[in-house]
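There are 2 protein chains.
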Amino acid sequence: MLSERLANVWAMTTTSPQGRTELLRPDGSPVRVLVVDDEQSITELLSMALRYEGWQIRSAGDGTGAVQTARDFRPDAVVLDMMLPDMDGLAVLGRLRRDLPDVPVLFLTAKDAVEDRIAGLTAGGDDYVTKPFSLEEVVARLRGLIRRSGAADRRSDSTLVVGDLTLDEDSHEVSRAGDNIHLTATEFELLRFLMRNPRRVLSKAQILDRVWSYDFGGQANVVELYISYLRRKIDAGREPMIHTRRGAGYLIKPAAS
Amino acid sequence: MLSERLANVWAMTTTSPQGRTELLRPDGSPVRVLVVDDEQSITELLSMALRYEGWQIRSAGDGTGAVQTARDFRPDAVVLDMMLPDMDGLAVLGRLRRDLPDVPVLFLTAKDAVEDRIAGLTAGGDDYVTKPFSLEEVVARLRGLIRRSGAADRRSDSTLVVGDLTLDEDSHEVSRAGDNIHLTATEFELLRFLMRNPRRVLSKAQILDRVWSYDFGGQANVVELYISYLRRKIDAGREPMIHTRRGAGYLIKPAAS
DNA sequence: CGGGAACCTGTGAATTACCTGAGAAACGCA
DNA sequence: TGCGTTTCTCAGGTAATTCACAGGTTCCCG
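Written out as structure tokens, the structure is:
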């Protein structure tokens, strides 16, 4: 099942990104991210999704490898599983920080281990997501970390705009033509995904893979359902921006055109 | 006129693209802080949190190292644990002052330590916090020290304003639309954290990590509880300013909008 | 015009996230 | 020491959210 997902994500990576805003370092070179997890399916999933962002990815399966790779790869951000075979996530963090004192870290943790282990981790500006995560969530958090760390161009701001529709990633506010629109968490993530890929058809499989967590086992028509929710809130009584391409997927584009 | 101020005012504030206010030195370079503690977890925690403020951090694990580092790092402020393996905090202070007579020092002390010793020291303009501290507390105290150390006639920008809500970091006074509001210490710190990040969603984990002390092991719903207290005092009978983003966190913003 | 595939959406149940009252414990201060 | 204040736990209540299911609609094709 996970390999099906990989196939979908892979399909996306082979399509050339068009008109997407990319995060770049000040010198114009791509952002570098190190992914550390002992499950190979996870590192592969993440690597492909993050490469799609235009980032350069290196991965490691344990703490030792992570520290070694970090030394010469010099990543701008690290995705780090807290549960590694050879050392504790915190130990890895300590060693990473010795070489790269300013690198922001996105922790991956099990849902139930959050309370005690995470305390203090987000303190420095780091962040975490719980497993199982959605790829959109990981990407969004990473973008936030990189943007705030100063490794990337600071011109990039936190607002997505498509036509008269705006979505602010910091305040989680959405408005169309000035009217504020309240969205639930899932609706917000779905809309963010659409808006980050304007004028591009996204298949239901792709949407499911990026917006829902990787272990989601439900009916594929949740996507239809949530598209329907979004339309009710965003397109209601207006020129529609969310369009169905029968047999292909959905896309968002400015109302005028 | 502005350059006059820059010349006279030792430290000034600017606003970063993310809307956070940063302390900068007159020449625009980042503030430098030296962190001295023998527990590596503490220096790491503080380093990360202070770097996030945009400051340049160097750390040392003992008195000797501190004095050496201070000599060529020339910090604008020092965070100094009173309990060091090789020498007493007072001895370190003496030697630091030989090289940097005006540098303000923030002492870290155990809760039960004799406080009269500290009391004498802080008369000179230094300050202290007790372990275990909260990061917001340390950051706020440091900002105060740095701000005060430089200028006799520095502009008093110790007030945070969001809409008709104001919070004075020096006097700890809070008022909304002119009405004074009494807050407890924890409520004050939580509100300060929210107000220093207006219009930005802060997760419960982030809040817990910055507002509560680093050894807090309790339930995450204290955050909900204190948000509820704040609402009762700040939003009571008015247009609410504190908003819940279900599944994401909380944020504060001006009532109008 | 009929039938099937793809898509849309109303209904409702289960779950989750959040809010808040009550009271215990710890703290601070005289 | 004793009293008021503050912090925090616990637990019940409530409302928002997610999702399955199923019947309806639209579109495409012959």
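Residue numbers (the working numbering), protein chains in the order written: chain F, 1 to 257; chain S, 258 to 514.
From the three backbone atoms N, C-alpha and C, an ideal C-beta is built for every residue, glycine too.
Boundaries (first-last residue) of the alpha helix (DSSP H) holding residue i
i	result
Phe-364(S)	Careful: Phe-364(S) lies outside any alpha helix (DSSP H), inside the beta strand (DSSP E) at 362 to 367.
Ser-485(S)	479 to 487
Thr-443(S)	442 to 453
Counted within 10 angstroms of its Cβ, other Cβ atoms place residue i as buried (16 or more) or exposed
i	result
Gln-68(F)	exposed
Pro-85(F)	exposed
Leu-508(S)	buried
Thr-416(S)	exposed
Glu-296(S)	exposed
Thr-109(F)	buried
Gly-218(F)	exposed
Ala-348(S)	exposed
Thr-441(S)	exposed
Gly-63(F)	buried
Ser-41(F)	exposed
Ser-485(S)	exposed
Pro-26(F)	exposed
Arg-503(S)	exposed
Arg-315(S)	buried
Asn-197(F)	buried
Arg-147(F)	buried
Ser-304(S)	buried
Leu-225(F)	exposed
Arg-98(F)	exposed
Gly-506(S)	buried
Asp-410(S)	With a pLDDT of 34 at Asp-410(S), under the threshold of 50, the modelled position of this residue cannot be trusted; read the value that follows with caution. That one is exposed.
Ala-256(F)	exposed
His-429(S)	exposed
Glu-310(S)	buried
Identified DSSP bridge partners for residue i
i	result
Ser-175(F)	Thr-166(F), Asn-180(F)
Met-83(F)	Asp-88(F)
Gly-249(F)	Arg-245(F)
Tyr-258(F)	There is simply no residue 258(F) to check, as chain F begins at 1 and stops at 257 in what is shown.
Ile-299(S)	Bridge partners of Ile-299(S): none, in fact.
Thr-159(F)	Asp-168(F)
Ala-60(F)	Val-36(F)
Ala-77(F)	Val-33(F)
Contacts that residue i makes with chain S (C-beta to C-beta distance below 8 Å)
i	result
Thr-43(F)	None at all; the shortest Cβ gap to chain S is about 24 Å.
Pro-198(F)	The premise fails here: Pro-198(F) is roughly 23 Å from chain S at the closest Cβ pair, so nothing lies under 8 Å.
Thr-184(F)	Arg-503, Gly-504
Cross-chain neighbours of residue i in chain F, by beta carbon under 7 Å
i	result
Tyr-309(S)	Gly-124, Gly-125
Gln-463(S)	Thr-122
Arg-467(S)	Ala-123
Leu-508(S)	Ser-171
Cβ-Cβ separation, residue j to residue i (assumed contact under 8 Å), whole Å
i	j	result
Arg-331(S)	Leu-357(S)	7 Å
Glu-301(S)	Gly-94(F)	7 Å
Leu-135(F)	Ala-60(F)	Contact doesn't hold; Cβ gap of about 19 Å is too wide.
Pro-361(S)	Gly-382(S)	6 Å
Leu-353(S)	Val-335(S)	6 Å
Ile-181(F)	Phe-193(F)	Rounded, the Cβ-Cβ distance is 16 Å, inconsistent with contact.
Asp-170(F)	Val-458(S)	7 Å
Beta-carbon neighbours of residue i, restricted to chain S and to distances below 9 Å
i	result
Thr-69(F)	Near Thr-69(F) there are no residues of chain S at all, since even the closest Cβ is about 21 Å away, more than 9 Å.
Gly-94(F)	Gln-297, Ser-298, Glu-301
Under 8 Å by beta carbon: chain F residues contacting residue i
i	result
Arg-289(S)	Per Cβ cutoff of 8 Å: no residues; Arg-289(S) is ~14 Å from chain F at best.
Val-458(S)	Asp-170, Ser-171, His-172
Asp-343(S)	Residues of chain F passing the Cβ test: none, with the nearest at roughly 22 Å.
9 Å Cβ cut-off: residues of chain F touching residue i
i	result
Ser-304(S)	Arg-97, Pro-101, Gly-124
Enclosing beta strand (DSSP E) for residue i [first to last residue]
i	result
Ser-149(F)	Taken as a continuous stretch (DSSP letters only), Ser-149(F) belongs to no beta strand (DSSP E), being part of the alpha helix (DSSP H) at 135 to 149.
Gln-463(S)	Where Gln-463(S) is concerned, there is no enclosing beta strand (DSSP E), although the alpha helix (DSSP H) it sits in stretches over 461 to 468.
Gln-219(F)	Gln-219(F) -> no beta strand (DSSP E), and no H or E assigned at all.
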